[in-house]
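Q: Got a structure for you, questions after.
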Amino acid sequence: MKVIENVDLRPFNTLQLPAIASRYCEAASVDDLRAALAANGEGRVLILGGGSNVVLAQDFDGLVLRPLLRGRELLGDDGEYRHVRVGAGESWADAVAWTLEQGWGGLENLSLIPGLSGAAPIQNIGAYGVELEAVLDRLEALDLVSGEVREFTRAECRFGYRDSVFKRELAGRVVITALRLKLPLDWQPRLGYRELADALASTGIDRPSPRDVADAVIALRQRKLPDWRVLGNAGSFFKNPVVNTDTYATLRIAHPGVVGHQQSDGSVKLAAGWLIEQAGWKGRDLGRVGMYERQALVLVNRGGATGAEVLALRDAVRASVHERFGVDLEPEPLVV
Ligand SMILES: Cc1cc2nc3c(=O)[nH]c(=O)nc-3n(C[C@H](O)[C@H](O)[C@H](O)COP(=O)(O)OP(=O)(O)OC[C@H]3O[C@@H](n4cnc5c(N)ncnc54)[C@H](O)[C@@H]3O)c2cc1C
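This note's numbering applies: residue 1435 is where the sequence shown begins, and numbers increase by one.
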């Protein structure tokens, strides 16, 4: 475990923004984490995984700590689920691919999401109709106040739409060190998401395997999302706003084309991409950043942009959408 001074974080964030960390440390074990935190004393700490959900708006005066604890193993099965443990430092996409190689279904809808496994619970990652909470049994985390490793059950994680207790009351309080996932032995494809069902139907496969579902998800993602290695981005930049039925009804009168999905609690989730597109931002740039031409929800770095430019575009898009629809957009990534 080595603490390095004045490290450029550009290679460690997918928006490819420049920022200098005054101290930087990669931890391979819980002991490494404890030692780095002890050496940092009262200094500021930023836990950084793959940097695919952060906006580095300025230099960071403090310790950037990367939990790179490895390991993935089958713990056993309980007759209903296979239990799998994945270290926080494992790439999430590689962990999903590994389960599929073993022939285990359960994670296929969450294929190809960038970042490290330890960050997956922070915003309860989700895609194609499945969120992490559906497959997480519990997690292990180092409590920065007590210095102890403790477990959080799924209920204790208090998951919501792109939300968890780790973004709220416990923000900056714990370092997630491992996930315990539960994969159903009696696997069934989850094809509730229309685009995915259509993609599979078009292949003519009527009894898809987990691999088939993953292949369809990967093809859809590759078609819609830019490769961050080529065009820096953080995936969807805004959450889909959730409104009540009255607001939705009013919106539909003024904007009959508004795209909304009814939720089980009666609320309606609006398609943020549609709102941004209608507000005129699809494919439009502001300085060296812009909203992606194939998916208006994705903010891209056209090359050499700074965090300040990202924040300026964020504010401009939010203002346009608010002015046109009276709806507030909430950004997904953490601004540092
Ligand atoms: C092209 C692209 C597509 C994407 N698609 C999706 C998608 O379909 N669905 C989706 O939900 N997200 C998506 N994302 C967002 C992102 O991939 C996820 O949020 C991912 O889980 C972030 O992982 P990370 O390791 O990069 O986290 P980071 O960006 O490094 O960190 C994100 C947050 O988690 C905290 N954190 C990181 N690791 C830990 C840890 N071990 N313990 C405690 N806190 C930690 C950080 O402090 C920060 O607050 C996409 C991003 C990109 C670039």
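For every residue, glycine included, the Cβ atom is placed at its ideal position computed from N, Cα and C.
#1: For the structure I just gave you, are there three or more beta carbon pairs, one from the region 1623-1636 and one from the region 1660-1672, closer than 8 Å?
#2: Can you give the beta carbon distance from P1642 to W1621, rounded, assuming they're within the 8 Å contact cut?
#3: For I1710, which residues from the same chain have a beta carbon less than 7 Å from its beta carbon, with the 5 sequence-adjacent residues on both sides left out?
#4: Could you check if W1662 belongs to the surroundings of ligand 1, using beta carbon to heavy atom distance under 7 Å?
#5: Assuming P1452 contacts T1740 under a Cβ cut-off of 8 Å, what Cβ separation, rounded to an integer in Å, is found between them?
#6: Within this structure, are the beta carbons of A1706 and P1675 separated by less than 8 Å?
#7: Measuring straight from C-alpha to C-alpha, what distance separates G1611 and R1504?
#8: Could you say if the region 1681-1699 and the region 1474-1485 meet the contact criterion of at least three C-beta pairs nearer than 8 Å?
#9: Any chance the region 1543-1552 sits against the region 1480-1493, with 3 or more Cβ pairs inside 8 Å?
#10: Sort out for me which residues DSSP pairs H1756 with in a bridge.
#11: Which residue comes first and which comes last in the beta strand (DSSP E) that contains E1439?
#12: Can you have a look at N1735 and say buried or exposed, based on whether 16 or more other CB atoms are within 10 angstroms of its CB?
#13: Excluding sequence positions up to five away, which residues of its chain have a Cβ less than 8 Å from the Cβ of N1440?
#14: So, using beta-carbon positions, are V1489 and P1767 closer together than 8 Å?
#15: Is it buried or exposed, L1509, if we count other Cβ atoms within 10 angstroms and call 16 or more buried?
#16: Could you name the residues that DSSP lists as bridge partners for G1724?
#17: Between A1746, F1671 and R1722, which has its C-alpha nearest G1738's C-alpha?
#18: Quick one: does the C-beta of R1596 sit closer than 7 Å to a heavy atom of ligand 1?
#19: Just to confirm the assignment, what range does the beta strand (DSSP E) spanning Q1557 have?
#20: Enumerate in chain order the residues of its own chain whose CB-to-CB distance from G1539 is below 6 Å, with the five nearest sequence positions on each side excluded.
#21: By the 10 Å Cβ neighbour count, where 16 or more other Cβ atoms means buried, how is G1537 classified, buried or exposed?
#22: Is any heavy atom of ligand 1 found at a distance shorter than 7 Å from the C-beta of P1548?
A: So, from the listed chains and residues:
#1: By the Cβ criterion, the region 1623-1636 is not in contact with the region 1660-1672, since fewer than three pairs of Cβ atoms, one from each stretch, lie closer than 8 Å.
#2: Start at 1 with the first residue of the sequence shown, and residue 1642 comes out as number 208. Start at 1 with the first residue of the sequence shown, and residue 1621 comes out as number 187. Not confirmed; about 11 Å, so no contact.
#3: Locating residue 1710 in the sequence shown gives position 276, where the first residue counts as 1. In its chain, beyond the 5 residues on either side, K1716, M1725, A1730, L1731, V1751 and V1755 have a beta carbon closer than 7 Å to the beta carbon of I1710.
#4: Against the sequence shown, residue 1662 aligns to sequence position 228. Checking every heavy atom of ligand 1 against the Cβ of W1662, one is found closer than 7 Å.
#5: Working through the sequence shown from its first residue, we reach residue 1452 at position 18. Working through the sequence shown from its first residue, we reach residue 1740 at position 306. 7 Å between Cβ atoms; contact.
#6: By one-based count along the sequence shown, residue 1706 stands at place 272. By one-based count along the sequence shown, residue 1675 stands at place 241. Taking the C-beta atoms as reference points, P1675 is found nearer than 8 Å to A1706.
#7: Position 177 of the sequence shown holds residue 1611. Position 70 of the sequence shown holds residue 1504. According to the sequence provided, residue 1611 is Thr. The question's Gly does not apply to it. Their Cα atoms are separated by approximately 9 Å.
#8: No contact exists between the region 1681-1699 and the region 1474-1485.
#9: Contact between the region 1543-1552 and the region 1480-1493 is present, because at least three Cβ pairs lie under 8 Å.
#10: As a working mapping, residue 1756 is identified with position 322 in the sequence shown. In DSSP, H1756 forms no bridge with anything.
#11: Counting from one through the sequence shown, the residue named residue 1439 turns up at place 5. Residues V1437 to D1442.
#12: Residue numbering aside, residue 1735 sits at position 301 when the sequence shown is read from its first letter. With 16 or more other Cβ atoms inside 10 Å of its own Cβ, N1735 counts as buried.
#13: Stepping through the sequence shown from its first residue, residue 1440 is reached at position 6. Excluding residues within five positions, the ones whose Cβ falls inside 8 Å are I1454, A1455 and S1456.
#14: Here residue 1489 refers to the residue found at position 55 of the sequence shown. Here residue 1767 refers to the residue found at position 333 of the sequence shown. Contact: yes.
#15: Within the sequence shown, the letter at position 75 stands for residue 1509. With fewer than 16 other CB atoms across the displayed protein chains lying within 10 angstroms of its CB, L1509 is exposed.
#16: In the sequence shown, residue 1724 corresponds to position 290, counting from 1. Answer is D1719 and V1734.
#17: Taking the first residue of the sequence shown as position 1, residue 1738 is located at position 304. Distances from the alpha-carbon of G1738 to those of A1746, F1671 and R1722 put R1722 closest.
#18: Walking along the sequence shown from the start, residue 1596 turns up at place 162. Yes.
#19: Your numbering for residue 1557 matches position 123 in the sequence shown. DSSP places Q1557 outside any beta strand (DSSP E), giving it a letter other than H or E.
#20: Residue mapping note: residue 1539 aligns to position 105 of the sequence shown, counting from 1. Correct list, in chain order: W1621 and P1644.
#21: Here residue 1537 is taken as the residue at index 103 of the sequence shown, counted from 1. It counts as exposed.
#22: Against the sequence shown, residue 1548 aligns to sequence position 114. Relative to ligand 1, P1548 has its C-beta within less than 7 Å of a heavy atom.
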